[in-house]
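Protein chains in written order, with this note's numbering: chain A, 1 to 473; chain B, 474 to 786. Glycine included, each C-beta is placed from N, C-alpha and C at the ideal position. All remarks here apply to the structure that follows.
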Amino acid sequence: MSALTAWVRSLDNRMNPIVVKELRQISRGKFLIVILIGFLFTQLTVTGFFSVFSRGSSSLGPDLFQTLLAFLTGTCALLIPAYAGFRIANERAGENMDLLFSTTLKPASIVWGKTLSAGILAAMIYSVCMPFIYMTYLLRGIDLLTALMSLVMSFGYVTLAAQIGILIGCMPASRVMKGIVGLVGLVGVFVFAFQFQAFPMSGAGVAARFGILLIWALIAGLCFLLSTAFISPPSANRALIPRLYVTGVWAISFLIVLVWSRIAVEIGPILMWYIIFGGFFSWAMIVSVSERDFLGPRVRRQIPRSGLRRLFAFLFYSGSAGGFLWASIGVLSTFLFGWIGLTSPPQLMDAEDFLDGASILSFACINLWIASAGAVLIHRKFLKKRVSNGYTWLIALGVYMVSNITWATMLIGSGVNFHAPIWAVLLFGISVSNDNPPTAAIGIAALIMVCFCIPWIKRQFSAFTPPLADAPS
Amino acid sequence: MEVKINRLKRYFGLTRAVDDISFSFSSGEIVAFIGSNGAGKTTTMRILATLDEPTEGDVELDGVSAVNHPEQVRKLIGYMPDSLPTHRDMTVHEYLDFFARAYSIPSEKRAQTIDDVQSFTGLGDIRNNTLHSLSKGMKQRVSLGRALIHDPPVMVMDEPAAGLDPRARIELRELLRILADQGKAILISSHILTELSEICGGAVIIEKGKIAVAGTLDEILSQQAPQTVLAVRPAGGLEEARQALMLLPNVENVAVVGNELEARISGGEEEASQILSELMKQGIQIAEFKRRGGDLESLFMQITGKEDEGNGK
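See the structure below:
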């Protein structure tokens with residue numbers, strides 16, 4: 001056997017089976033051919049149009065580049081996620097995914113294979129566009145580094161969109177629900193692609209661009225882990241890796257925004273961090289209460305015996321009570337560290353803005369916490385036998401909306417002038433008002449829920465034990 | 474290879490899909506897994522294939538636990554679900570190649586393995602056809618090929634004969650016999666009980682998540698059906714034959730059903746052959762003489778009937 005054959009075989013053995021399958025299917029279907037021909041035709045038309053109507057313009061190069069890049073980014077960011085998401089959603093609807101799990105293939109390999117296939121598809125389309133993009137350099141007005149950097153960013157954005165598409169495809173929801181979420185994503189993609197058009201010429205430095213790429217990579221990483229968790233069998237410890245990842249990103253990003261805000265002497269980075277993680281952990285509270293209460297033998301045999309490690313495992317392993325506690329600690333820590341970041345010297349500019357934003361977000365987070373805990377109370381006490389745990393999030397949203405509507409009605413009835421618009425009251429429960437501060441009512445509600453939650457979490461923690469025979473030390 | 478299902482339970486909320494079942498089977502055996510719809514067959518098979526986790530209990534393959542070591546068990550089991558592959562954009566060969574890769578079969582062996590599976594299942598001629606274009610019987614063969622691609626010692630087959638025409642059913646039956654001769658342990662569920670009784674050495678009948686009866690076919694048929702029903706079609710007079718039958722020992726009851734006599738006798742094959750020779754001795758000409766009842770189908774009806782009566786009470 002020649003060295004080349006051996007190398008090819010070794011490469012073949014290392015290839016992700018999903019990538020091989022997807023690429024075979026892509027090349028067999030008409031999708032790729034239609035897309036490639038469509039791109040070639042559109043670029044020829046656009047280039048021809050610019051050559052005729054903008055001849056002699058000093059900004060011909062940059063204008064054409066921006067137009068081609070916006071078209072490339074927008075189209076790829078729509079088509080590739082839709083294609084990748086649709087394919088995986090279709091496979092999840094049948095028993096194909098089950099068949100994959102009866103093999104030795106891991107869920108992460110499946111999602112990685114899908115991501116890689118989407119990336120290769122994007123790379124094929126980008127390669128078709130390269131000559132046209134390069135031509136804009138020849139027309140002058142744009143340097144190669146800017147063009148290259150913009151293309152890298154565009155490709156990164158498309159990869160992120162593809163990962164979001166895959167995440168939507170993996171969601172354990174009906175096709176209708178996935179379609180609705182997909183449409184919301186579509187609007188987001190459009191808005192962003194529109195903004196993206198101006199970015200190459202915005203004068204943003206290389207560091208800023210890498211910063212954005214890093215944020216995208218972190219979001220894509222979270223989407224990847226969530227997709228893996230979604231397609232993993234219910235018996236798996238699905239929550240562990242996403243929770244560890246989020247905690248790690250939370251801690252590292254706090255240090256980054258702390259340093260960043262000190263260098264820039266402004267609260268923007270901290271406020272953004274506060275909003276992102278406060279919102280994320282609040283969402284995580286609602287999701288986690290829908291998890292199962294009792295773990296199966298496969299996860300239980302991974303529970304450590306020693307006290308402190310068991311406590312950490314309780315927070316990070318799959319399970320409703322542990323997940324709820326993890327998200328609640330996350331919200332509290334975000335409040336606490338946000339405050340530390342704000343108040344530690346030197347004094348930052350516009351600190352009052354932070355307080356306004358923080359109070360609105362805190363109010364919404366506490367409201368969501370009460371709604372999640374209330375949903376657990378309603379479900380576990382009254383509906384457990386009739387409704388599965390998986391629907392607790394729906395009850396939480398119901399409680400949340402009912403409490404906000406009641407609150408808004410009470411405020412309107414008592415003629416209070418509130419600082420937030422009515423939609424904000426209905427959506428976030430925000431009712432910042434000097435005349436009638438809601439703190440007391442929220443505090444009482446929160447206290448009642450704490451009284452209920454502590455015994456529930458204690459019960460769940462007591463049941464969170466390894467099987468007697470094979471607990472790891 | 475011995476497969477042990479040990480006190481297996483699977484609850485979905487208040488529903489007890491599988492409720493404390495235990496049985497075992499080993500290499501070279503074909504065991505029929507029989508039950509009404511919703512009896513818990515598919516749940517049990519999915520647990521065996523490590524696609525689901527039991528609430529309690531375990532499945533062991535030569536001592537390897539499906540709960541604790543699902544990754545190892547996946548290498549030992551070939552699972553054939555009741556759904557069929559229907560991809561429009563994938564050929565038979567590509568489908569098998571994909572699963573060979575998914576089972577990490579190295580490239581040096583992969584091509585040969587796929588060829589072997591294709592030739593065993595008779596897919597060689599249609600290897601380049603897309604899955605969507607295949608008949609149901611052919612899709613079933615592809616599904617079997619997929620389950621065999623990593624040469625597992627245990628096969629778990631959920632309704633493999635559903636919707637197949639008689640020819641495809643016979644071919645499938647022959648393939649299963651060959652697999653059993655090769656030493657594979659096979660658990661097969663089907664609603665076509667006559668098919669199962671021809672190829673299975675053992676049977677497990679499950680009803681509402683519990684095992685109603687289990688054992689070798691001979692054992693359970695003799696246990697469950699102490700009475701044998703004989704269908705006798707005399708070549709001559711029906712009444713004369715009826716009279717003669719009534720007077721013979723072990724005959725408990727004789728009824729006329731069309732142009733046949735249906736005789737209920739106590740005992741089994743030995744008593745039936747004595748009755749036949751007595752009739753011949755008496756000069757009664759017999760055109761057809763066969764044993765009815767005591768087959769898998771009647772046994773299943775008897776068991777599920779009992780359950781229904783129990784519920785009626």
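Output yes if chain B places a C-beta closer than 8 Å to the C-beta of A/G165; else output no.
Answer no: the Cβ-Cβ gap between A/G165 and chain B never drops below 8 Å.
Can you look up B/D588 in the DSSP assignment and give me helix, strand or coil?
helix
Coil, strand or helix - A/S58 by DSSP
coil
Report the neighbours of A/P17 on chain B: residues whose CB is nearer than 7 Å to its CB, in chain order.
F571, R574 and A575
Measure the C-alpha to C-alpha separation of B/T523 and B/Y568 and round it to an integer number of angstroms.
22 Å
In three-state DSSP terms, what is B/A490?
strand
Could you run through the region 533–546 of chain B and flag, in chain order, every residue whose CB is less than 8 Å away from some CB of chain A?
V540, N541, P543 and E544
Between the C-alpha atoms of A/N434 and A/W407, what's the straight-line distance to the nearest angstrom?
Since pLDDT at A/N434 reaches only 47, below the 50 mark, its modelled position is unreliable, and no value is offered.
Let me know the secondary structure DSSP gives B/G682 once reduced to three states.
coil
Any beta carbon from chain B within less than 8 Å of A/F464's own beta carbon?
no
For A/P297, return the contacting residues in chain D, with the cut-off set at a CB-CB distance below 7 Å.
This model lacks chain D altogether; the protein chains it does include are A and B.
So, at 8 Å on beta carbons, what are the nonlocal neighbours of A/V19 in its own chain, with the 5 sequence-adjacent residues on each side left out?
G113, L116, S117 and I120
When B/F496, B/T777, B/T488 and B/E475 are compared against B/E680, the one with the closest alpha-carbon:
It is B/T777 whose Cα lies nearest to the Cα of B/E680.
Tell me whether A/F464 sits in a helix, a strand or coil according to DSSP, three-state version.
coil
Could I get the ranges of all uninterrupted alpha helix (DSSP H) runs contained in the region 518–605 of chain B, with 4 residues as the minimum, in chain order?
543–549, 565–575 and 580–594
Contact set between B/M563 and chain A, taken where Cβ atoms lie within less than 8 Å:
K21, R24, Q25 and R28
Below 7 Å on C-beta distance, what does B/A522 contact in chain A?
S102
One question on the structure: do B/E533 and B/N479 come within less than 8 Å of each other, judged by their Cβ atoms?
yes
Who are the Cβ neighbours of B/V590 in its own chain at under 8 Å, not counting the five residues just before and after it?
L569, L596, G618, L621 and I622
Since B/V504 and B/V677 should fall inside the 8 Å C-beta cutoff, what is the C-beta to C-beta distance between them, to a whole number of angstroms?
6 Å
Please name the residue in A/T159, A/S320, A/G323 and A/L368 whose C-alpha comes closest to that of A/I125.
A/T159
At a CB distance below 7 Å, what residues from the region 222–242 of chain A approach chain B? Give them in sequence order.
P233 and S235
Is B/D638 helix, strand or coil when you go by DSSP?
coil
Taking A/R9 as the query, report the chain B residues whose CB atoms sit under 9 Å from its CB, ordered along the chain.
Ordered by position in chain B, the residues that pass the 9 Å Cβ test against A/R9 are P579, S580 and E581.
Check B/S497 in the structure and name its three-state DSSP category.
strand
Can the beta-carbon of A/F324 be found less than 8 Å from the beta-carbon of A/V289?
yes
Which class does A/N434 belong to by DSSP, given the choice of helix, strand or coil?
Any reading at A/N434 must be qualified, since the residue scores a pLDDT of 47, below 50, and its modelled position is unreliable; the value itself is stated next. Looking at A/N434 - three-state DSSP - the assignment turns out to be coil, as it is neither helix nor strand.
Taking the alpha-carbon positions, what's the A/T67 to A/A441 distance?
54 Å
What are the start and end residues of each continuous alpha helix (DSSP H) run of 4 or more residues lying completely inside the region 3–73 of chain A, in chain order?
3–14, 17–28 and 31–53
Secondary structure of B/G674, DSSP reduced to three states
coil
Between A/L60 and A/L78, what straight-line distance do the alpha-carbon atoms span, to the nearest angstrom?
Looking at the two C-alpha atoms, the distance is approximately 27 Å.
Based on the DSSP output, what are the partners of B/N479 in its beta bridges?
According to DSSP, residue pairing for B/N479 in a beta bridge involves B/D531.
Can you grab the Cα-Cα spacing for the pair A/G413 / A/I405, in whole Å?
12 Å
Taking the Cβ atom as the reference point for each residue, do B/I738 and B/V724 lie within a distance shorter than 8 Å?
yes
B/E502 and B/G675 look like a contact to me (Cβ under 8 Å); what is the Cβ gap, rounded to whole Å?
6 Å
In chain order, what residues of the same chain have a beta carbon less than 6 Å from the beta carbon of A/I378, not counting five sequence neighbours either side?
I395
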